[in-house]
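Protein chains: 2
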Amino acid sequence: MATKRELAALRKHKSQQTLRKLTDLAEKVVAQAQRLENPSVEIPVRALSNVRFNKKKQIIEMGDRTQSRTLFNVNMAKRFAQTFLVAKACKELLDAGKTTSIRDLYYMTKHTIGRTSENTFDDQAESDPIIEDLEVAVDTLREELHLFASNRGSMVGELTLVDAGDTIDARRQGSGGWAVPSIVEDEVIQFKKCDAKFVLLVEKDAVWRRLNEDKFWRKHKCILIQSQGQPARGVRRLVRRMTDELNLPLYVLVDNDPWGLYIYSVIKQGSINLAYESVRMAVPKARFLGLSSYDRERYDLPDDSTIMLNSKDVSRAKQMMKYPWFAERKWQRELKKMLDSKVKLEIEALSRKGITFISEEYLPRKIEERDWLV
Amino acid sequence: MATKRELAALRKHKSQQTLRKLTDLAEKVVAQAQRLENPSVEIPVRALSNVRFNKKKQIIEMGDRTQSRTLFNVNMAKRFAQTFLVAKACKELLDAGKTTSIRDLYYMTKHTIGRTSENTFDDQAESDPIIEDLEVAVDTLREELHLFASNRGSMVGELTLVDAGDTIDARRQGSGGWAVPSIVEDEVIQFKKCDAKFVLLVEKDAVWRRLNEDKFWRKHKCILIQSQGQPARGVRRLVRRMTDELNLPLYVLVDNDPWGLYIYSVIKQGSINLAYESVRMAVPKARFLGLSSYDRERYDLPDDSTIMLNSKDVSRAKQMMKYPWFAERKWQRELKKMLDSKVKLEIEALSRKGITFISEEYLPRKIEERDWLV
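These protein sequences, in sequence, are chains A and B. At position 151 of the first sequence the residue is numbered 151 (our numbering), and the sequence of numbers has no breaks. At position 179 of the second sequence the residue is numbered 179 (our numbering), and the sequence of numbers has no breaks.
Below, the structure is given as structure tokens:
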């Protein structure tokens, strides 16, 4: 276990690394200016054209293409200035040892320029992509720039951890659970005693609550996390750290519809938009536990527990069948079954078999029979 | 402090009270049937026409008008049957000592009737109002029927509480906090050691995070709760219990726009739709701490930290000026100032004065100067 002093040293070391990256960026531009060159920043291209699926690592990766952003260019001057405005604000945060939200950062960096009526940023839709540019330009995550997105998700189970110096025993977090923060890097969160054999990530808080009430995590020795839909960055990074550092398998339980499968795929291999984060956010070990389109027959669920696919679901499923990360036969089969059956199935539909069917039959049998997709 | 045995007894007593109400409802209908009368249930009318603002209590209340729902009536037969289907499912939950979500309840009660193609419920939009009917018909909250809505919100601060048998010291909940569950009745949550002088409820999680990072709650001896927008029922009921049982004032911090003021008003006097809950969910003692339309001048915030009101904001503000609970001069003045200035202001706009301006200047001065509205 790291002592408080060691942690403080770790925090300082990490901030200094990030500060160094920001300072390097600035010094390079200053040097260019002194040489009377056009100051420029190289920014890796964040677009589908610069994304590839790494089959071996099973993650979506960013390619090598970059774009120069230069000061003396009418189309780029504003974004060039914005990039350094954001970098400056992040430097201030790092210097002060404070973190803040991306919304806050927008306000921190927003002002009217001199006596013009020109604003540095007109709205947050302008500052958010600049943050992403900065992340890729200096190869750092926004959490390392001391920025956070919204936090969502809660956790209970067979793990003790330390969060900002406080010991959290996830076995004793009542019905509410510990709220997963948005920054979960190792200088904030350290894992201590772990008695869990796996991590179960559930898309829905109501299902999580059912499982917590039935103390599923105690009986089956696991860590139980809910993400309230598409997991926020904090939850993604936390389960990634659990699979890496605690060497636990991660099971994902989502609705049986294209959106549920997509949630799973983002957890597992990352997303196209934020491909540069996959290397630290994706969890290639993740296992899709359910709900599968085959569960209806396998678990004898009544026909009227399903919902008809709508046209959006159908086109989304067809689109997903073309993604390279769903190219394997098992996934094509899964998606085809969904399209053929014309129905989707929510996790709650399991309640048609009884309130505790999910915790006492469905999940134990799934895990026992290793009935998952990877 | 209640012992485990006493709590179990309390839980049992409360379930039995609710079970009695449900059984009474059923027995009345059975008796009617045996007398060959048309079985009927009296359901208080849940509509604006049956709602009034109680000035003395400062809450929105439901009036006395009721409506009969009878079995032998083509327009009512289905809803009559649905009412008892939901009541039966709640009885099962209470008997089993389990709770579930309203989504789950929909699935539990959904099935196709006999050999017809008629479903008991076609979607959740049909079962949710039936739950509300049942709540008013037997004068109970859905939490007492063992039903929960989604849970949202987290808490840190100068309070120890017990949640489902686990002791939660809110002074030691790290950066994430304790996630507020959706059912916070006294058989689940008990307050223990409280060193807080007030409760601060913040609409936004990012602001809450800022205040938690600055340990605002320790310096100013308070309980710090965030609601992620309009507070879920769990947060509303929890702060109500804190003001009642711990005798603490509640300060509310929201954006300066009509939606922020509306959030405050729902916390304080309840909503029109769920007027019957006000008596146990509303917090008449709540104080509106900010952001006020006057804060821009008072705290010298730059003009470009504001956002222009859009047409929706304007019409919403005008509509709210007509609500009886905004009739007092101070509120009319506040809303008029917003309309006159033509701008709104987010809490994050305070960051234009520095990252810690909110925790080190704005809030302390507001509370010190008693600069709030009630």
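Quick reminder that beta carbons are idealized off the backbone N, C-alpha and C, glycines included.
Closest Cβ-Cβ distance between residue 230(B) and chain A: below 8 angstroms? Locating residue 230(B) in the second sequence gives position 230, counting from the first residue. Not an interface residue.
(request) From the DSSP output, read off the bridge partner residues of residue 191(A). (result) In the first sequence, counting from the first residue as 1, residue 191(A) sits at position 191. Paired residues: 161(A).
### Query
From which residue to which residue does the beta strand (DSSP E) around residue 44(B) run?
Here residue 44(B) is taken as the residue at index 44 of the second sequence, counted from 1. Its beta strand (DSSP E) spans residues 40 to 44.
Report, in whole angstroms, the separation of the C-beta atoms of residue 331(B) and residue 251(B), which I expect to be a contact under 8 angstroms. Indexing the second sequence from 1 puts residue 331(B) at position 331. Indexing the second sequence from 1 puts residue 251(B) at position 251. About 17 angstroms separates the two Cβ atoms, so there is no contact after all.
Q.
Once DSSP output is grouped into helix, strand and coil, what is the label at residue 380(B)?
A. It is not possible to answer for residue 380(B), since the shown part of chain B is limited to 1 through 374.
- With DSSP as the reference, label residue 323(A) as helix, strand or coil. Position 323 of the first sequence, counted from the first residue, corresponds to residue 323(A). Three-state result, residue 323(A): coil.
Please report the distance separating the alpha-carbon of residue 10(B) from that of residue 374(B). Indexing the second sequence from 1 puts residue 10(B) at position 10. Indexing the second sequence from 1 puts residue 374(B) at position 374. Between residue 10(B) and residue 374(B), the C-alpha separation is close to 35 angstroms.
Note down the Cα distance separating residue 376(A) from residue 202(B), rounded to an integer number of angstroms.
Because chain A spans 1 through 374 in this model, residue 376(A) falls outside it and cannot be assessed.
query: the region 165 to 187 of chain B: which residues have C-beta closer than 9 angstroms to a C-beta of chain A, in chain order?
result: 165, 166, 167, 168, 169, 171, 172, 173, 174, 175, 176, 177, 178, 179, 180, 181, 182, 183, 184
Between residue 195(A) and chain B, is any beta-carbon pair separated by less than 8 angstroms? By 1-based counting over the first sequence, the position of residue 195(A) is 195. Residue 195(A) does not count as touching chain B.
Are the C-beta of residue 300(A) and some C-beta of chain B separated by less than 8 angstroms? As a working note, residue 300(A) is residue 300 in the first sequence. No - not a single Cβ of chain B is within 8 angstroms of the one on residue 300(A).
Open item on the list: Whole angstroms are fine: how far does the CA of residue 16(A) sit from the CA of residue 97(A)?
Closed with: Numbered from its first residue, the first sequence carries residue 97(A) at position 97. Numbered from its first residue, the first sequence carries residue 16(A) at position 16. Using only the alpha carbons, I get a separation of about 11 angstroms.
Quick one: which unbroken alpha helix (DSSP H) runs of 4-plus residues sit fully inside the region 328 to 364 of chain A? Chain order, please.
329 to 341
Please go through the same chain and pick out, in chain order, the residues whose beta-carbon is closer than 8 angstroms to the beta-carbon of residue 287(A), but skip the five residues on each side of it. The residue labelled residue 287(A) in the question sits at position 287 within the first sequence. Closer than 8 angstroms at Cβ, skipping near neighbours: 249, 250, 251, 252, 372, 373, 374.
The region 354 to 372 of chain A: which residues have C-beta closer than 8 angstroms to a C-beta of chain B, in chain order?
-> 355, 356
* **Helix, strand or coil at residue 245(A) [DSSP, three-state]** => Counted from its first residue, the first sequence places residue 245(A) at position 245. Note: residue 245(A) maps to helix in three-state DSSP.
For residue 193(B) versus residue 243(B), is the C-beta distance shorter than 8 angstroms?
If you number the second sequence from 1, residue 193(B) lands on position 193. If you number the second sequence from 1, residue 243(B) lands on position 243. For residue 193(B) and residue 243(B), no; Cβs fall outside 8 angstroms.
Could you give the C-beta distance for residue 189(B) and residue 178(B), rounded to a whole number, given that I count them as a contact under 8 angstroms? Here residue 189(B) corresponds to residue number 189 of the second sequence, with the count starting at 1. Here residue 178(B) corresponds to residue number 178 of the second sequence, with the count starting at 1. The pair is not a contact, with the Cβ atoms about 10 angstroms apart (cut-off 8 angstroms).
Report the three-state DSSP secondary structure of residue 226(B) (helix, strand or coil).
Numbered from 1 along the second sequence, position 226 holds the residue referred to as residue 226(B). Here residue 226(B) sits in strand by DSSP.
field: Any chain A beta carbon closer than 8 angstroms to residue 144(B)
entry: Here residue 144(B) is taken as the residue at index 144 of the second sequence, counted from 1. Not one chain A Cβ lies under 8 angstroms of residue 144(B).
Exercise for the section: Spatial neighbours of residue 66(B) within its chain, please: CB distance less than 8 angstroms, with the 5 preceding and 5 following residues excluded, ordered by chain position. Expected result: Counting from one through the second sequence, the residue named residue 66(B) turns up at place 66. The answer, listed in chain order, is 42, 43, 44, 45.
Residue range of the unbroken beta strand (DSSP E) whose run includes residue 252(A)
Here residue 252(A) refers to the residue found at position 252 of the first sequence. From DSSP, the beta strand (DSSP E) with residue 252(A) extends over 250 to 253.
(message) Against chain A, does residue 205(B) count as a neighbour if the rule is that its beta carbon must be under 8 angstroms from one of theirs?
(response) The count along the second sequence starts at 1 and reaches residue 205(B) at position 205. Judged by the 8 angstroms Cβ criterion, residue 205(B) is in contact with chain A.
Practice prompt. Please name the residues in the region 102 to 133 of chain B whose beta-carbon is closer than 7 angstroms to at least one beta-carbon of chain A, in chain order.
Written response: 103, 104, 107, 108, 110, 111, 112, 119
*Does residue 237(A) get closer than 8 angstroms to chain B when you measure Cβ to Cβ?*
Position 237 of the first sequence, counting from 1, holds the residue named residue 237(A). Not closer than 8 angstroms to any Cβ of chain B, the Cβ of residue 237(A) fails to qualify, so no.
Keeping to the same chain, check which residues put their C-beta closer than 7 angstroms to that of residue 128(A); ignore five residues upstream and five downstream. Numbered from 1 along the first sequence, position 128 holds the residue referred to as residue 128(A). These residues qualify, in order along the chain: 102.
Start and end residues, alpha helix (DSSP H) containing residue 265(B):
Position 265 of the second sequence, counting from 1, holds the residue named residue 265(B). Start and end: 258 to 269.
Fill in: Where residue 66(B) sits in the DSSP three-state scheme
Counting from 1 along the second sequence, the entry for residue 66(B) is found at position 66. In this structure, residue 66(B) counts as strand in the three-state DSSP scheme.
message = Please list the terminal residues of the continuous beta strand (DSSP E) segment that includes residue 51(B).
response = By 1-based counting over the second sequence, the position of residue 51(B) is 51. Run containing residue 51(B): 51 to 54, per the beta strand (DSSP E) assignment.
* What does DSSP give as the partner residues of residue 178(A) in its beta bridges? -> Start at 1 with the first residue of the first sequence, and residue 178(A) comes out as number 178. Beta-bridge pairing links residue 178(A) to 155(A), 178(B).
Q. Mind checking if residue 98(B) is an interface residue toward chain A, Cβ cutoff 8 angstroms exclusive?
A. On the second sequence, position 98 is the one that residue 98(B) refers to. By this cut-off, residue 98(B) is an interface position.
When DSSP builds the beta bridges, which residues end up paired with residue 308(B)?
Within the second sequence, the letter at position 308 stands for residue 308(B). For residue 308(B), which the question treats as bridged, DSSP gives the partners 343(B).
Pick helix, strand or coil for residue 61(A), following the three-state DSSP scheme.
Taking the first residue of the first sequence as position 1, residue 61(A) is located at position 61. Three-state DSSP puts residue 61(A) in a strand.
Check: Mind pulling the chain A residues with CB within less than 7 angstroms of residue 154(B)?
Finding: For the purposes of this step, residue 154(B) is taken as residue 154 along the second sequence, with counting starting at 1. What residue 154(B) touches in chain A: 179.
Requested in this report: Take every Cβ of the region 284 to 303 of chain A, pair it with every Cβ of the region 346 to 354 of chain A, and state whether three or more of those distances are shorter than 8 angstroms.
Outcome: yes
Exercise. Report the neighbours of residue 245(B) on chain A: residues whose CB is nearer than 9 angstroms to its CB, in chain order.
Key: Here residue 245(B) refers to the residue found at position 245 when the second sequence is read from its first residue. Simply none; closest approach about 18 angstroms.
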